[in-house]
Structures are given as structure tokens and as C-alpha cells.
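Undergrad: What follows is a structure written as C-alpha cells; I'll ask about it next.
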Amino acid sequence: MTSLSNRLIHEHVTDLCRSILEKSDIEVASNASLTEDLGLDSLQIMQFFAGIEALYPEISLEEWFLVQGGTGKDTVQSVVDHIDRNTLRVAAE
Amino acid sequence: MLNAAALPTFVKLSSAVPEQSFTQEELWGGVFADWYAELPNARDFGTVTRVRKRHMAWNPATDLGRKTRGIGERMQAYVGIVDEVAGRACAPLIEHVGQEDVGSIVMASSTGYYGPTPDYFLAKKFGLKPNLRRTFIGHMGCFAAFNVIKTAMDSVVARPGEATIGVCAEFSSLHFRPDATREQAIVHNLFGDAVGAFTMAMKEPGHGPQILAAHTHQSYETSDLMTLSVLDDGVQMTLSPYVPYVIASVITPFIDDLCAKAGVLPSDIKHWAIHPGGPKIVDMVAQKLGIPDEKLASTWHVLSEYGNCASATVLLVLEHLIAHDTPAPGDLGVMLAFGPGLTVEGALLRF
Chain F
1 MTSLSNRLIH EHVTDLCRSI LEKSDIEVAS NASLTEDLGL DSLQIMQFFA
51 GIEALYPEIS LEEWFLVQGG TGKDTVQSVV DHIDRNTLRV AAE
Chain U
1001 MLNAAALPTF VKLSSAVPEQ SFTQEELWGG VFADWYAELP NARDFGTVTR
1051 VRKRHMAWNP ATDLGRKTRG IGERMQAYVG IVDEVAGRAC APLIEHVGQE
1101 DVGSIVMASS TGYYGPTPDY FLAKKFGLKP NLRRTFIGHM GCFAAFNVIK
1151 TAMDSVVARP GEATIGVCAE FSSLHFRPDA TREQAIVHNL FGDAVGAFTM
1201 AMKEPGHGPQ ILAAHTHQSY ETSDLMTLSV LDDGVQMTLS PYVPYVIASV
1251 ITPFIDDLCA KAGVLPSDIK HWAIHPGGPK IVDMVAQKLG IPDEKLASTW
1301 HVLSEYGNCA SATVLLVLEH LIAHDTPAPG DLGVMLAFGP GLTVEGALLR
1351 F
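First to last, the sequence lines map onto chains F and U.
Read in order, the letters of the first sequence are residues 1 to 93 in our numbering.
Read in order, the letters of the second sequence are residues 1001 to 1351 in our numbering.
Here it is, written out as C-alpha cells:
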């Protein structure tokens, strides 16, 4: 079962993708790769990182892109799970 | 004791490029506009790479046009161009050191293969000794200058009376292909051809940049972020948008480790010769390390005027830095390059 926080983070991440792509009406699937499926290039990836940092200043995406940066592994859900996991960790500390 | 000791030293650097060169505008006017017609905002790739001009063995407009070519044709072209351009790069080195003093030659390339390898023909061209030690390093990518440098270091440390010639020869234009993808558009707007070469010998201070330390870091989780694959129609490079971020994430501890090997502080580094893999890599590395833009003049110059020339690039940057940044005797500098793995390679220099 997906937690409330996971669903909220999912909404934030997909909204951010739509905003960067300047396409407010597109479907952003959980399993969509940021680079392969959504087609974010290096400048847009930079916008994405900046957007996540603004939304979740306590979260670093470094561990995420070191593991999930490979071809097709950089899915929307992998970012959501990384943020969710680390938000809980930060809250527990 | 280290201050006056003989260490592996770049006693001379040299470089050469194919005769024909093209500005980004000429390439777009010639063929890129056609190749990338279906890509939105494709023309931006010509400017975001910060490349102004490149030298190329093949003119993409006339040697490729709308078609691709087989690996055999590409390798045939490599055989001719590598001997000519690497020959021009090595001529001043041999003139400076003398044939009899050259004990080894080490050469890297990721853009061509045949045997005997090109170093054999260079040795023959310059009348080097028949007992010359030869090493050819293939397919390691943009950081391979460091594999050449480290092999040369081993040679001169083991046989301090001999000099070693190091050569990095790259002709990426021989692998261009009319694939209309954003990734290939970036690659084709970034890479150029060049040969960088050096003579290394064991020398006391005052004969050229001495190498105080070398360091390597491989990130084992990121192997598919940058790849070189041999296809039926050439070597295809892939380049993930995450590459600059991964490099930036490891660069500070990397420099700390490199400097620690020689007992110096990162804040003591006055000169930077950074492989311009792409503008964002340079920007992010500079930001992480706090390098002021004026210290990147040679890096930006080489990117602008030659493009990313793979393994040859960092040698071109060092050559330009020595000529234009005029390091004072005793100044410390760092050379850096990045490539498939992802791998970061570096060397600490004392001028």
C-alpha cells in the first residue's frame, strides 16, 4: 500500500516534470524514465534537481543518481521512493 | 629531498590536428541541419557545447552526407590520417630528444584499430631503435592520456636513462553517423580530432612539469552512463545527462586524495588543466573546487577551438596552459580527465 507521503511526493515530482517539459496535460507514468521516456536533457535535469531541492531542501539526490542514473533506471517512482525514504530518515534523526 | 629529486617530467609537449577545420556554422550549413531536422531546438546543440571550431579527418557533409559507412571504411581512413597527424605531432619531440635516447613509446586511441599498431609505424618513421618498447592502449576513452602518462612514468622510473614518447591520437569524426537523436546530436556537436604527444624523462626541477602524484577513481555503479560500442558502422558513443553530476559528486574527495599523495593542500593548486568533456562538466567541477574562471582559460580555449578531442584533449590543454598561463617554477597544477566507468583520472604537477 502506498503511503500518503509517497502519493504526495509523487504528485510533486510529476508536477515538476510537467513544468520542466512545459506540458501541463501530459501523463507522467510512475515507471517513466526521466531521460529515456520523458526526454529530459542535461539542462532539464539541472532544472529537475533544482526543483527537488526547492521542494525538499533536506534531501540530496546524489545517492539516487549514482545508483539510478543508468539507462532506464531513473524512473519517476525511483525518485519518489528515494525522497520518501530519506524524508523519513531525516524526520527520525 | 623531494624538492630537488629527479621525477617523471614532461620535458616537451606537442600536438597536431587534421588540416581541414569547420566552424559550427559550417557544419550546420553543410549537413547537421539536415541530420537533425526533426529534433526540436536542435540548433541549440551547436551553441550549448561552447565549441566554435573543430578539426576533422572527415568532412561530415561530403564524406558521409545522408549515409553511414561501414567500420572497414572508417578504419581504412584512420590508418592514413593517424600516421600523418601523429607523425606531425611527434616530429618536434624526436628532434628535441634524439632517436637513441627514446626507450619506449606509449600510444592511446579509442577511434581506430589495426596492426601492427600505429606506434609501430611512428617508430619506423622516426628511425627509433629496433629494441624500442611499444605499448598501445585501446578504447579507454577520454581519460586515456593518463594511462599513457602512467605507463610512461613506470618506464622512466624503471629505466631512468631513457626517454618515453607518449601519444594520444583521436579521430572521432571518422565515427560520425546521421542518427537523429538528441544524444548523438550532442556528441556530434562536441567532438573533434587531434593528436597530443609528449616526451617524458626523469629530470630534476627546471626541465618541465614534474609529476608528483597520479590518482584514479572508478564509480562502479555508473558503467552505462558513458559507453563506446563498436557497431557495424563505426564506434558509437553514448553520454548520459547525469555524467556531470556524478563527476561533480566525487571530485572534491578525489582532489583531496590526489593532493594527500604528495603532502600538499588543494588550496596550494595554482593551475588547472581540466579535460573539457563538455561545458557543464567543467562548470560543475569548477564550482565544486572553487576554481576561478580565469584559471580555466586553457580548458575553455581548447573546447572552443578544437572541441572535445577525447584522450588528446588534456594534453592540448596542458600545452596551452604552459604557453599562456606561464606557471612560475615551483607552482603546483592539476590535470584532470573523465571518461567511461565513470572514471576520473588526475595528476599533480610541479612546474
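Positions of the beta carbon are idealized from the N, C-alpha and C atoms, including for glycine.
Does any residue of chain U bring its CB to less than 7 Å from the CB of F:Thr35?
TA: It does; some Cβ of chain U falls within 7 Å.
Undergrad: U:Ser997 touches chain F at which residues, Cβ-Cβ below 7 Å?
TA: Shown here, chain U extends from 1001 to 1351; a query on residue 997 of chain U therefore has no answer.
Undergrad: Identify whether U:Trp1058 lies in helix, strand or coil by the three-state DSSP scheme.
TA: Three-state result, U:Trp1058: coil.
Undergrad: Candidates U:Trp1058, U:Ser1021, U:Ala1086 and U:Met1140: which alpha carbon is nearest U:Met1226's?
TA: Cα-wise, what sits closest to U:Met1226 is U:Met1140.
Undergrad: Does DSSP put U:Ser1240 in a helix, a strand or coil?
TA: Reduced to three states, the DSSP call for U:Ser1240 is coil.
Undergrad: Using a Cβ cut-off of 7 Å, pull out every chain F residue sitting near U:Glu1221, in sequence order please.
TA: Within 7 Å Cβ-Cβ: Leu66 and Val67.
Undergrad: Do the CB positions of U:Thr1164 and U:Ala1152 come within less than 7 Å of each other?
TA: Closer than 7 Å, so yes.
Undergrad: Expressed to the nearest angstrom, what Euclidean distance is found between the alpha-carbon atoms of U:Ala1033 and U:Arg1043?
TA: Each residue's alpha carbon lies about 8 Å from the other.
Undergrad: Using DSSP's beta-bridge definition, name the partner residues of U:Trp1272.
TA: Beta-bridge pairing links U:Trp1272 to U:Val1334.
Undergrad: For chain F, find out if any of its Cβ atoms is closer than 7 Å to the Cβ of U:Met1001; answer yes or no.
TA: Because U:Met1001 carries a pLDDT of 43, less than 50, the predicted location of this residue cannot be relied on, and no value is offered for it.
Undergrad: Quick one: does U:Tyr1245 have its CB under 7 Å from some CB of chain F?
TA: Yes, U:Tyr1245 counts as interfacial toward chain F.
Undergrad: Below 7 Å between beta carbons: does that hold for U:Ser1172 and U:Thr1111?
TA: A contact, by the Cβ cut-off of 7 Å.
Undergrad: Let me check one thing: in DSSP terms, what residues is U:Glu1345 bridge-paired to?
TA: U:Thr1216 and U:Ala1337, per the DSSP bridge assignment.
Undergrad: Starting from the Cα of F:Leu66, find the closest Cα among U:Ser1249, U:Leu1303, U:His1324 and U:Leu1093 and give me that residue.
TA: Comparing Cα-Cα distances from F:Leu66 to each of U:Ser1249, U:Leu1303, U:His1324 and U:Leu1093, the minimum goes to U:Ser1249.
Undergrad: Does any residue of chain U have a CB that is nearer than 7 Å to the CB of F:Asp41?
TA: Closer than 7 Å to some Cβ of chain U, the Cβ of F:Asp41 qualifies, so yes.
Undergrad: Using the Cβ count rule (16 or more neighbours within 10 Å means buried), how would you classify U:Thr1062?
TA: Answer is exposed; the Cβ neighbour count stays below 16.
Undergrad: Secondary structure at U:Cys1259, three-state DSSP: helix, strand or coil?
TA: Residue state, collapsed to three classes: helix.
Undergrad: Apart from the five residues on each side of it in sequence, which residues of its chain come closer than 6 Å, Cβ to Cβ, to U:Trp1028?
TA: Correct list, in chain order: Gly1046.
Undergrad: I'd like to know whether the C-beta of F:Phe75 is nearer than 7 Å to at least one C-beta of chain U.
TA: Note that residue 75 of chain F corresponds to Thr in the displayed sequence, not to Phe. Not one chain U Cβ lies under 7 Å of F:Thr75.
Undergrad: Which of the three DSSP states, helix, strand or coil, is assigned to U:Arg1066?
TA: Coil at U:Arg1066, not helix or strand.
Undergrad: Roughly how many angstroms lie between the CA atoms of U:Met1001 and U:Lys1203, to the nearest whole one?
TA: Per-residue confidence for U:Met1001 stands at a pLDDT of 43, beneath the threshold of 50, marking its modelled position as unreliable; no derived number is given.
Undergrad: Taking contact to mean 3 or more Cβ pairs, one atom from each stretch, closer than 8 Å, check whether the stretch 1120-1129 of chain U and the stretch 1177-1187 of chain U are in contact.
TA: No: the two stretches stay apart, fewer than three of their Cβ pairs being nearer than 8 Å.
Undergrad: Taking 8 Å as the threshold, find out whether the stretch 1011-1026 of chain U comes into contact with the stretch 1225-1242 of chain U through three or more Cβ pairs.
TA: The stretch 1011-1026 of chain U, when compared against the stretch 1225-1242 of chain U, does not touch it at the 8 Å Cβ threshold.
Undergrad: Is the beta carbon of U:Ala1312 less than 7 Å from the beta carbon of U:Glu1170?
TA: Yes. Within cutoff.
Undergrad: Does the beta carbon of F:Ile9 come closer than 7 Å to any beta carbon on chain U?
TA: F:Ile9 does not count as touching chain U.
Undergrad: Can you round the beta-carbon distance between U:Leu1296 and U:Val1282 to whole angstroms, since I take them to be within the 8 Å contact cut?
TA: Between U:Val1282 and U:Leu1296 the Cβ distance is about 6 Å, and since that is below 8 Å, they are a contact.
Undergrad: Would you mind telling me which residues of chain U sit closer than 9 Å to F:Gly70, beta carbon to beta carbon, in chain order?
TA: Glu1221, Thr1222, Ser1223, Asp1224, Leu1225, Ser1240 and Tyr1242, listed in chain order.
Undergrad: Once the 5 residues before and after U:Gly1103 are set aside, which same chain residues still bring their CB inside 6 Å of it?
TA: So the qualifying residues of the chain are Arg1159 and Glu1162.
Undergrad: Give me the chain F residues within the contact set of U:Lys1280, using Cβ-Cβ distance strictly less than 7 Å, ordered along the chain.
TA: Result: Ser42.
Undergrad: Which residues, in order along the stretch 45-59 of chain F, keep a beta-carbon less than 7 Å from a beta-carbon of chain U?
TA: Residues passing the 7 Å Cβ filter: Ile45.
Undergrad: Please look up how many angstroms separate the CB atoms of U:Lys1288 and F:Ser42, rounded, as I've assumed it's under 8 Å.
TA: With a Cβ gap of about 16 Å, U:Lys1288 and F:Ser42 do not count as contacting.
Undergrad: For the stretch 1174-1185 of chain U, which residues have a CB atom closer than 8 Å to at least one CB atom of chain F, in sequence order?
TA: Those residues of the stretch 1174-1185 of chain U that come within reach of chain F (Cβ to Cβ, closer than 8 Å) are Arg1182.
Undergrad: By how many angstroms is the C-alpha of U:Gly1278 removed from the C-alpha of U:His1175?
TA: Taking the straight line joining both Cα atoms gives about 18 Å.
Undergrad: Helix, strand or coil for U:Pro1389? Go by DSSP, reduced to three states.
TA: Because chain U here runs from 1001 to 1351, residue 1389 of chain U falls outside it and cannot be looked at.
Undergrad: Taking the CB atoms as reference points, tell me whether U:Phe1146 and U:Glu1345 lie closer together than 7 Å.
TA: The answer is yes: Cβ separation under 7 Å.
Undergrad: Is U:Ala1042 helix, strand or coil when you go by DSSP?
TA: U:Ala1042 falls in the helix class under three-state DSSP.
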